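Quick note, the sequence shown lines up with residues -18 to -1, 1 to 262 if you use mature numbering (1 follows the signal peptide of the UniProt record, and there is no 0). Here is the structure we will look at, set down as structure tokens.
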Amino acid sequence: MKKLLLMLAISVVGFACTPGVSPPIESEISTSSYTHGKVVWHDLASPDPESSAQFYETVFGWTTVPYGEGNRQVWIFKNGDQPLALMAKYQTKSGTGEWIGSISVPDVSAAVAKAKSRGAAVLETPTDTENLGTIAFIQDLQGANISFIKFANGDPEAGLAKINSFLGLELWSNNPKESIGFYSDLIGYSTAKMDGMGIDYTMLQMDGKNCASVMQNPVENVRSHWVPYIRVNDVNDVVAKAKAAGATILIEPSPEIRGGTAALFLDPTGAPVAVQVYNP
């Protein structure tokens, strides 16, 4: 497993997931209110958008809608009629893909400035994008990539994720204490320990509601990663579909891991994705 997990060690220098065109994202998913601190959007940097689109359509039943042409083309993933994420073509040094979650903040420029003052690297400065809002990308102190966003007219409706939609974001950190301090100070999170996980597991919360989680990176000599979770009905069925569609399965469903409800794999471009059955 360690050899496989080393495939997670990608290096991203500069980022380009903000759209060169303006697909109608904000107008389709925004509400009239904000849920600052929540992960409200996702971007996929893919070296092979055609392969990525085929994979997520096959495994999760998403549709992929292209916008623009040539090097300005982007794609929107939808679950039914609901936009979930934006995909842009991007070539990392190792040629692998990566999902980047976006945390809702009241002021993107202020968040980036504060992150930079605390040692984070700015991968893409705040950019105002029509039909989306303002977004920026950073790499935190432990090497994990994350973005900050402020939708123009409000965040997507809060609540339990639909099946085959993003459920949450989990930080595999090489220094959890430092990461928890960084994000707590930067975003204003409070923290709570989660029992019954078998490991030291910390929830990042805003107004008493879970926004993200942090755990010790289980693999040595691999930079920290934010790992996205997608809610599914049947984890074994999804893993079988993913395997058939070209994924590398890193963690199979097992009773020792969240009661057999979760799994982790790399999509065909090497982007890590976790899936979980979650029915509170």
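In this text, a Cβ means the ideal position worked out from N, Cα and C, and glycines have one as well. This structure is a prediction, so every number in the text was calculated from the model and none was measured.
As the crow flies, the alpha-carbon of A226 is around 10 Å from that of F37.
For the pair S28 and G136, the CB atoms are not nearer than the 8 Å cut-off.
A103 is not a Cβ neighbour of Q124, given a cutoff of 8 Å. H18 and A67 have their C-alpha atoms some 18 Å from each other.
Within 10 angstroms of the beta-carbon of M69 lie 16 or more other beta-carbons, which makes it buried.
The C-alpha of F133 lies about 10 Å from the C-alpha of S9.
By the Cβ neighbour-count rule, R100 is exposed, with fewer than 16 other Cβ atoms within 10 Å of its own. Taking C-beta separations shorter than 8 Å and ignoring five residues to either side along the sequence, the partners of D182 in its chain run P158, K175, M197 and Q198, following chain order.
For the segment 64 to 116, the continuous alpha helix (DSSP H) assignments of 4+ residues that do not extend past its boundaries occur at 90 to 99, in sequence order.
Residue environment: T111 is assigned as buried (16 or more neighbouring CB atoms within 10 Å of its CB, all protein chains considered). If you draw a 10 Å sphere on the C-beta of N146, you find 16 or more other C-beta atoms in it, and that means buried. Setting aside the 5 residues that flank it on each side, S33 is surrounded in the same chain by P250 and T251, each with a C-beta closer than 7 Å to its C-beta; the list follows chain order.
The residues E10, I11, K144 and S147, in chain order, have a CB closer than 8 Å to that of Q64 in the same chain once the five nearest residues on each side in sequence are set aside. Buried is the label assigned to P5, since at least 16 other Cβ atoms lie within 10 Å of its Cβ. Annotation: the continuous beta strand (DSSP E) that includes Y183 extends over Y183 to M188.
Short of 7 Å from the beta carbon of S91, and not among the five residues preceding or following it, lie these beta carbons of its own chain, in chain order: P108.
Shown here, P138 sits in a strand according to DSSP, grouped into three states.
Taking V47 as the centre and dropping the five residues before and after it, the same chain places the C-beta of I58 closer than 6 Å to its C-beta, in chain order. In this structure, the straight-line span from the alpha carbon of P31 to that of V259 is close to 27 Å.
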